[in-house]
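Scroll down for the structure; my scribbles are underneath it.
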Amino acid sequence: MRALFVTTSATQLAPDHPTGLWLEEFALPYLAATEAGITVTVASPQGGPVPLDPKTEPNDKQRDTWARPLEALRHSVTLASLRDETFDAIFIPGGHGPMVDLAHDATLHALVARHDAAGKVIAAVCHGPAALVHARRADGQPFFQGRRATGFTNAEEFLARLKDVVPFLLEDEMKAGGADFHSALLPLLSHVEQDGNLITGQNPNSSEAVAKALVATLSQR
Numbered sequence: 021m022r023a024l025f026v027t028t029s030a031t032q033l034a035p036d037h038p039t040g041l042w043l044e045e046f047a048l049p050y051l052a053a054t055e056a057g058i059t060v061t062v063a064s065p066q067g068g069p070v071p072l073d074p075k076t077e078p079n080d081k082q083r084d085t086w087a088r089p090l091e092a093l094r095h096s097v098t099l100a101s102l103r104d105e106t107f108d109a110i111f112i113p114g115g116h117g118p119m120v121d122l123a124h125d126a127t128l129h130a131l132v133a134r135h136d137a138a139g140k141v142i143a144a145v146c147h148g149p150a151a152l153v154h155a156r157r158a159d160g161q162p163f164f165q166g167r168r169a170t171g172f173t174n175a176e177e178f179l180a181r182l183k184d185v186v187p188f189l190l191e192d193e194m195k196a197g198g199a200d201f202h203s204a205l206l207p208l209l210s211h212v213e214q215d216g217n218l219i220t221g222q223n224p225n226s227s228e229a230v231a232k233a234l235v236a237t238l239s240q241r
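So, in structure tokens, the structure goes:
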């Protein structure tokens, strides 16, 4: 089994608002996947070292526990180099970075459309679904049209004090694209939705549950 983990290359959400990958959302699924024998390729628009959101810089314990995913993040390949590759799953972790670059990445959208049409697993967590809001299926329909899904909510963006900073509100944008959007009863609780080959998690606290769903789905194939 092969999985493609697609991360942001963005470092700025807005002036005075640095951004990047939210580490937990990558590290936990990376460890779960590799420990299950899944080969993970890490890619980003620019390739090379993946920027971390300053708020998610690891402490000493995390640097030890997450040593392997942290090392993998030092050597991402470019998305363009993988345009003709095929994987069993595409997974997109968040941080606000995907709202800046992946939301408009035509190479990623083409990869997603091709893999989705083949029934491959498409998964994303927190702001990861931002990478899919402008994606289209092979038949031209919006990617989220009629699909049950979740992502970082308007309420959570308000609590993060970034509601007026982000380029768009993810919940609103997913709904505008036809998503059947669902979330936990309270902000920041773990919540995962699975609709066929699509797996989405609501927030950073959903990282472990998304990882388990991704591994379980791939193990059944």
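Numbering (this note's numbering), first residue to last: 21 to 241. Cβ atoms here follow ideal geometry from the backbone N, Cα and C, with glycine treated the same way. Fair warning: this is a prediction, and the values are worked out from it, not measured in the lab.
Anticipated Cβ contact below 8 Å, residue i with residue j, distance rounded
i, j, result
"A141", "S96", "Here residue 141 turns out to be Val, not Ala, going by the sequence shown. That pair is no contact at about 20 Å."
"P49", "P113", "7 Å"
"G115", "T28", "6 Å"
Residue i versus the options, residue with shortest Cα-Cα distance
i, options, result
"L208", "A175, T220 and G197", "A175"
"A143", "A53, P35 and Q32", "A53"
"G216", "E105, V185, R241 and P224", "R241"
"A229", "L33, D184, A199 and E44", "E44"
"T295", "A169, R156 and A231", "The question about residue 295 has no answer, for the chain in this structure spans 21 to 241."
"G68", "F164, D84, S101 and S227", "S101"
"V214", "V132, A169 and A199", "The sequence given here places Gln at residue 214; Val does not occur at that position. Ranking the options by Cα distance to Q214, first place goes to A169."
"A158", "T85, A133, R167 and A196", "A133"
"S239", "A30, A109 and P74", "A109"
Cα-Cα separation, residue i to residue j
i, j, result
"G139", "F201", "21 Å"
"T305", "D184", "Given a span of 21 to 241 for the chain in the structure shown, any question on residue 305 remains unanswerable."
"G160", "P78", "40 Å"
"A56", "A47", "14 Å"
"V70", "T237", "27 Å"
"L99", "H129", "11 Å"
Beta-ladder partner(s) of residue i, from DSSP
i, result
"T98", "S64"
"G265", "With the chain running from 21 to 241 in the structure shown, residue 265 is simply not present."
"A109", "A23 and V141"
"H37", "A34"
"F201", "A169"
Cβ of residue i within 8 Å of any chain B Cβ
i, result
"P49", "The structure shown has no chain B; it contains just one protein chain."
Q. Is it true that the segment 34-51 meets the segment 107-120, where meeting means three or more beta-carbon pairs spaced less than 8 Å apart?
A. Yes, the segment 34-51 is in contact with the segment 107-120.
Q: Mind the definition here: the segment 149-158 touches the segment 88-108 only if three or more C-beta pairs lie below 8 Å; say whether that holds.
A: At 8 Å Cβ cutoff, the stretches do not touch.
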